[in-house]
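If you count the sequence shown from 1, position 324 lands on 324 in full-length UniProt numbering, and the numbers rise without skipping. Take a look at the structure set out below.
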Amino acid sequence: MSTLLYRVGRFAFGRPWRVLGAWLLLLAVIAVALVVQPVRLTNEIRIDGTPAQETIDQLARSLPAASGGQGVIAFAAEDGQRVDEGGNRAAVLAAVDGIYGADHVVDARRMLAEEAAKGADSPLLRAAGAIERVRSASAPPPGAPVPLVMDGRPVPGVVVSADRSVALVQFQFDRQTFELPAGTVDRVVGVAEDAVAGAHIEVLPSSVMLQVPDVLGVGEFVGVVVAALVLLLTLGSVIAAGLPLVTALLGVGVGVGGAFALSAVFSMHSVTVVLALMLGLAVGIDYALFIVNRQRRLVLDQGLTAHEAAGRAMGTAGNAVFFAGSTVIIALVGLLVVNIQILTTMALVAAATVAIAVLAALTALPALLGLVGERICSPAARRSAERRTGKRTRHPVAHAWATTLTRRPIVGGAAAIAVAAVLAIPALAMNLGLPAGSSYDTGTPQRDSYDTVARAFGDGYNGPLILAVTSTDDTAIPPERLAGLYQDLSATHGVAAVNLGALNDAGTTAILSVIPATGPTDEATATLVRTLRDQTARLAAHDGVTDGITVGVTGFSALGIDVSDRLADVLPIYVAVVLALSLIVLLLVFRSILVPVKATLGFLLSIGAALGATTAVFQWGWLQQALGMDATSPVLSMLPIIVAGVLYGLAMDYEMFLVSSMREATLHHDHGRDAVVHGFEQASRVVVAAAVIMSAVFAGFVFSPEPMIAQIGFALTVGILIDAFVVRMTLVPAVMALFGDRAWWLPRWLSRVLPNLDIEGDRLHEALRTQSRDQPAAATMITAPRDDRP
1 MSTLLYRVGR FAFGRPWRVL GAWLLLLAVI AVALVVQPVR LTNEIRIDGT PAQETIDQLA
61 RSLPAASGGQ GVIAFAAEDG QRVDEGGNRA AVLAAVDGIY GADHVVDARR MLAEEAAKGA
121 DSPLLRAAGA IERVRSASAP PPGAPVPLVM DGRPVPGVVV SADRSVALVQ FQFDRQTFEL
181 PAGTVDRVVG VAEDAVAGAH IEVLPSSVML QVPDVLGVGE FVGVVVAALV LLLTLGSVIA
241 AGLPLVTALL GVGVGVGGAF ALSAVFSMHS VTVVLALMLG LAVGIDYALF IVNRQRRLVL
301 DQGLTAHEAA GRAMGTAGNA VFFAGSTVII ALVGLLVVNI QILTTMALVA AATVAIAVLA
361 ALTALPALLG LVGERICSPA ARRSAERRTG KRTRHPVAHA WATTLTRRPI VGGAAAIAVA
421 AVLAIPALAM NLGLPAGSSY DTGTPQRDSY DTVARAFGDG YNGPLILAVT STDDTAIPPE
481 RLAGLYQDLS ATHGVAAVNL GALNDAGTTA ILSVIPATGP TDEATATLVR TLRDQTARLA
541 AHDGVTDGIT VGVTGFSALG IDVSDRLADV LPIYVAVVLA LSLIVLLLVF RSILVPVKAT
601 LGFLLSIGAA LGATTAVFQW GWLQQALGMD ATSPVLSMLP IIVAGVLYGL AMDYEMFLVS
661 SMREATLHHD HGRDAVVHGF EQASRVVVAA AVIMSAVFAG FVFSPEPMIA QIGFALTVGI
721 LIDAFVVRMT LVPAVMALFG DRAWWLPRWL SRVLPNLDIE GDRLHEALRT QSRDQPAAAT
781 MITAPRDDRP
């Protein structure tokens, strides 16, 4: 592999415009696709096979009109005014007309008129009458909302708060939100805003109706700027520092641009593209940095031409980049074993973006190096290198740190483990869920909408539960059974209100809307969902009869519980797969028993610390003021499994670059602690730079207004910092020094069986040495192109 990459590097260096032309052509094709097909992203989460999703699917079959996505818009009057009087009332009614008249919105008024035309033959009206008789037998609870009346009749889907300051319009689309044509939801919101223009009313759509946030913001831009500064400090040249950035942006342009283009064909969550962008930028910069740094060192330390140094850098550092990127890709593709659609899409898009980043580093980067030529090293850097000729390069800070750790490996290792373990403690109390409007910071449209509805109606109106009542024998459900079910639900602890939502023409499927007393992310709401599911048999019973109907529970909170439970079930399986993969890959790479075991245990420490810190900040609210946040929420259900997959791949990158340097020092006659110190010195600077760059890129996403993106960015930032500085830069040298040369022990029988992947490029070095003996003047060949430039 090293020889092949050597040839690729020399070819791209010698023919830069051919290689870069191919990349630019690919970018042009993607740009055309984006112009032809608009980008379509969604915030919807669907996980097949869960009770909540199965209930939705059942409703789609038996009651299609009520199975579409739900829309909610609040109309809030200015302080001291009412929404049910004068011009405000007329404006709200005009908005309702516009909403029900919009494309793909189910007109509840028309449906109710059709039912009224049936008279006594209407199953819906009979059921509503039976429930109303039960309801009227008791006084309404204090603060209960009232209907908005027009022409003496309640307007379907509209309720007004007890203080008459807010009207809530609840309606349905004719399909799930992510299946709607692009721009449909925005047009509905626009109709509502136009209708109340000039009135003293604010329009507040729910979070699911607001636009998907922009993928890039100020924070992400700052992260890239920090990365550029670190590159400049590390490489000492504007030209050299610019190459990793250009390479990463080229890879991201193709990878993320391709994902945007495919979003018109495949349903894609907004977080899918953001995760790909995070990884594409981070690994793209890091991988290019490793190669550029190696090429510069070959030019400065060995006096090679930029052309030859590019080839050798590709055969050594490029070889390590190939295997490191492969590890990240395999870890991401491993998410497919979970068999959850949203994670499958995330994994495939992220893996493809990482693969493109690796390809860019192995092809576009040497082409860019070819354009730069000998300018990759400044004259000042060359003069400084000449003065150091024959001397081993020393990095005082790295040397002092490594020497301290090798002298006291037990103390250093124990301290590293203690730091990671303490950070991991909050993860023991981690609650998983999906973000709701309350998860957004104060002042955001999502939070304003949530708080307005919560103050006017109660937290539960932000996340009603849906009960699907279905006949098991295809006979109409008797109205008295629905009335009895209504009565039982109303008496259930934690239920604030119950309403009849819909009933199909045959009367075999009914929907009851259950308003919890608590918000959608509250633990009490989760308890209510579990209570309702545990008592479905009791709820379905009437006058001692327990058969005839079934009751299913769905809605936002129910879906969140199912997602969390499903992911909690598969997380141990995935982590086991990742750990097994880690042991196998590192065993092949380093041909050692200790190194894979040590690396895998360090990976677990990094994951624990990342999840613990995320729990403390986002769930408990620690340090939120310092980070500019004010909302607490459960940890994203998908976060543990995403962090496990991504952090594993990135952690193995640092392990590979750092330990391979120690291995190379051992092969070049350093032994024991000397090999650890020398290998650490040679690799630590670029590993530190790579970790700072990657954490800066991830940290830029922490300030995203989207809670899912912010949590992922924060967890990966902490995970990278802990893994790089605590695990790889502290624990690894301590353990390697403690074991010395025994760290490379491998049973002879296993050594004969395992293939030699030659990560360090030993075969390339041997081929070059052999060729140098045969052709003393040629440090440039190995079947290189004939038109090589100096």
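Think of the CB as a built atom: it goes at the ideal place given N, C-alpha and C, for glycine as much as any other residue.
Pair within 7 Å by beta-carbon distance, residue i and residue j
i: residue 713; j: residue 331; result: no
i: residue 605; j: residue 727; result: yes
i: residue 156; j: residue 108; result: yes
i: residue 435; j: residue 695; result: no
i: residue 66; j: residue 511; result: yes
i: residue 263; j: residue 46; result: no
i: residue 490; j: residue 529; result: no
i: residue 482; j: residue 127; result: yes
i: residue 271; j: residue 708; result: yes
i: residue 284; j: residue 251; result: yes
i: residue 549; j: residue 471; result: yes
i: residue 125; j: residue 452; result: no
i: residue 705; j: residue 444; result: yes
i: residue 507; j: residue 476; result: yes
i: residue 679; j: residue 662; result: yes
i: residue 288; j: residue 235; result: no
i: residue 635; j: residue 666; result: no
i: residue 657; j: residue 687; result: yes
i: residue 731; j: residue 612; result: no
i: residue 719; j: residue 627; result: no
i: residue 398; j: residue 733; result: no
i: residue 166; j: residue 240; result: no
i: residue 462; j: residue 63; result: no
i: residue 122; j: residue 132; result: no
Residues that DSSP places opposite residue i in a beta bridge
i: residue 513; result: 466 and 499
i: residue 150; result: 153
i: residue 433; result: 636
i: residue 42; result: 269
i: residue 205; result: 73
i: residue 166; result: 76
i: residue 171; result: 71
i: residue 555; result: 465
Proximal residues to residue i (C-beta, below 8 Å), its chain only, five neighbours per side dropped
i: residue 404; result: 412
i: residue 5; result: 314, 315, 318, 319, 322 and 362
i: residue 805; result: A query on residue 805 cannot be resolved here, the shown segment of the chain reaching from 1 to 790 and no further.
i: residue 608; result: 420, 421, 423, 424 and 427
i: residue 721; result: 691 and 695
i: residue 447; result: 437, 438, 440, 441 and 631
Contact belief for residue i with residue j at Cβ below 8 Å, rounded distance in angstroms
i: residue 460; j: residue 560; result: Actually they do not touch by this definition, with Cβ atoms about 14 Å apart.
i: residue 223; j: residue 699; result: 6 Å
i: residue 738; j: residue 591; result: The pair is not a contact, with the Cβ atoms about 20 Å apart (cut-off 8 Å).
i: residue 81; j: residue 200; result: 5 Å
i: residue 553; j: residue 55; result: 7 Å
i: residue 232; j: residue 238; result: 7 Å
i: residue 27; j: residue 254; result: 6 Å
i: residue 637; j: residue 567; result: 5 Å
i: residue 723; j: residue 671; result: Not a contact, Cβ separation roughly 27 Å.
Cβ-based neighbour list, residue i, same chain, cut-off 7 Å, excluding 5 preceding and 5 following
i: residue 96; result: 155, 158 and 169
i: residue 514; result: 464, 465, 467, 489, 495 and 498
i: residue 487; result: 134
i: residue 630; result: 441, 442 and 624
i: residue 192; result: 73, 95, 98, 99 and 203
Cutoff 7 Å: residue i Cβ touching any chain D Cβ
i: residue 643; result: No chain D is part of this structure, which consists of one protein chain only.
Beta-carbon contacts of residue i that lie in its chain and below 6 Å, excluding the five residues immediately before and after
i: residue 104; result: 173, 174, 180 and 184
i: residue 348; result: none
i: residue 517; result: 460, 494 and 496
i: residue 777; result: Here residue 777 scores only 45 on pLDDT, less than 50, and its place in the model should not be relied on; the value that follows carries that caveat. Same-chain partners within the cutoff: there are none.
i: residue 416; result: 726, 730 and 731
i: residue 780; result: Low local confidence applies: a pLDDT of 44 at residue 780 is under 50, so the model's placement there is unreliable, with the coordinate-based value given in what follows. Excluding sequence neighbours, residue 780 sits near 308.
i: residue 675; result: 662, 665 and 666
i: residue 1; result: 319
task: For the UniProt domain "SSD" (221 to 371), list the beta strand (DSSP E) runs that are entirely contained and at least 3 residues long, ordered along the chain.
output: none
Entirely enclosed alpha helix (DSSP H) segments - the stretch 650 to 713, minimum 4 residues: 672 to 699
- prompt: Whole beta strand (DSSP E) runs in the stretch 443 to 491 with 3 or more residues, listed along the chain?
  reply: 465 to 471
query: At what residue ranges does the stretch 570 to 645 contain a whole run of the alpha helix (DSSP H), taking only runs of 4 or more?
result: 594 to 614
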